[in-house]
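Numbered according to UniProt numbering, the sequence shown spans residues 1 to 375. Idealized CB from N, CA, C, for every residue including glycine. Let me begin by presenting the structure, written as structure tokens, before commenting on it.
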Amino acid sequence: MQVSLSLCWGFGVPVTKGRAVAITHHEELSSGASFAEPPVRQPRPVLWWSSAGVALLGFQVFVLARWALGPNFTSTDPGRDELPAWNSFVFAALQIGIPVAAVALLYLWVIRPWRKHGYLTTDAMIALAASTVFFWDMVMNYTSVTLFYNSHLINRGAWANGAWPTWTSPHANKLPEPLLIVPPAYTALVFSQVIVILWLLRKAKARWPGLGIVGTIVTIVVGLTLSDTLVEGLVLRTGVYAYPGGIRAISLFAGQTYQIPLSETVLFGGFSLGAIACLSYFRDDRGQTVVERGINTLKLNFKGKQAVKFFAIYGAIHLGFLVLYMLPQQWFATHSDPFPPGYPSYMINDMCAAGADGHACPGPGVPMPRPTHNP
């Protein structure tokens, strides 16, 4: 009868019951025995992405809770200027139509596949994560105001000063984020662009199968830049919002109240939405996205892996917006040209608080204020 005696390095030496068998180092080598290689631990990027997703979601819940429970959760005063009658009609239609469209699309992309398969599909997870990107909608105002919204729309201000730690630009909490337009629009008007471009890409690939990885990425980035420019150009004309802080040399309709800074459409549409499209399009032979690598090695049941997968997708999409949109926008915000004249009080909303007197709009030569205290 033999038992195994484990040495300090984990190699088993056979012994016979009743007498020990001595094996010298030389005999061990001559016997052809080899040391057991420790198993190589494979990297699991899915855990990195999932951790980022949990951290970002936690931060977002923290900020939104401070906003909703804080003193700045109040409607922004439109001021003395009156809203044209046609704007009231358009705003009513948008505040009804966009939420209805968002609910219908979420049913189509999320609920119906979930009911069919019994679990959230990859596409459904991407749609859900993309629908919450509205959190980053106002971050171009982080250091200096470059975005206006119309305060005649239903709003409760914005989750900026007093809610978002380290927020720099003053009075940014007065930005009237339209609650019935912005959150649902990230499904109805924003993520829908990704769906359309991916559909067109599949058509293009069928016609030009030689389109490689670089060609595919270029098609996605250019396509989403153009589609976002078109969509934003139309909505800007309704007076829902405006980009006063653009660099005119790279803006369409420069100097007009409805100008379109191409820095916005490239960073938001081409790069940030393009990253979502690439995440959805490029998958391995098992249908997994790049952020799911290593998920099959996790010792979790199906529901556990689904949770890890969702947070990995969530982390990739939101981290993409932080890196590709929020950070570079700060450079463009602090280098903007003077605001175009003609914005009414319900667009400015007392957000021009720069300069020595604290009442100037941001622009060249205008001192940029800092917070009165560290958050």
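- The region 117 to 124 makes no contact with the region 132 to 147; the number of CB pairs closer than 8 Å stays below 3.
- The C-beta of P261 has 16 or more other C-beta atoms within 10 Å across all chains shown, which makes the residue buried.
- Judged by beta-carbon spacing, I181 lies within the 7 Å limit of I98, meaning their Cβ atoms are closer than that value.
- Around the beta carbon of P371, fewer than 16 other beta carbons lie within 10 angstroms, which makes this residue exposed.
- Remark: C-beta atoms of T225 and N155 do not approach each other more closely than 7 Å.
- V133 is a Cβ neighbour of F321, given a cutoff of 7 Å.
- Counting the other CB atoms within 10 Å of its CB gives E292 a total of 16 or more, which places it among the buried residues.
- Only residues of its own chain outside the window of five on either side were considered, and among them P367 have a CB closer than 8 Å to the CB of A356, listed in chain order.
- For P184, the enclosing alpha helix (DSSP H) has its first and last residue at V182 to A185.
- Bridge partners of R283 according to DSSP: T289.
- Residue environment: Y142 is assigned as buried (16 or more neighbouring CB atoms within 10 Å of its CB, all protein chains considered).
- With a contact defined as Cβ atoms closer than 8 Å, V63 and W164 qualify at about 5 Å.
- For Y314, the enclosing alpha helix (DSSP H) starts and ends at F302 to F321.
- The bridge partners DSSP lists for S251 are P261.
- The DSSP-derived three-state label of P45 is helix.
- Put simply, the region 289 to 306 does not touch the region 246 to 260. Fewer than three CB pairs are less than 8 Å apart.
- By the C-beta density criterion, G53 is buried, having at least 16 other C-beta atoms within 10 angstroms.
- Taken through DSSP and simplified to helix, strand or coil, Y343 comes out as coil.
- Less than 7 Å divides the Cβ of A127 from the Cβ of V110.
- Distance from the CA atom of I217 to the CA atom of G210, rounded to whole angstroms, is 13 Å.
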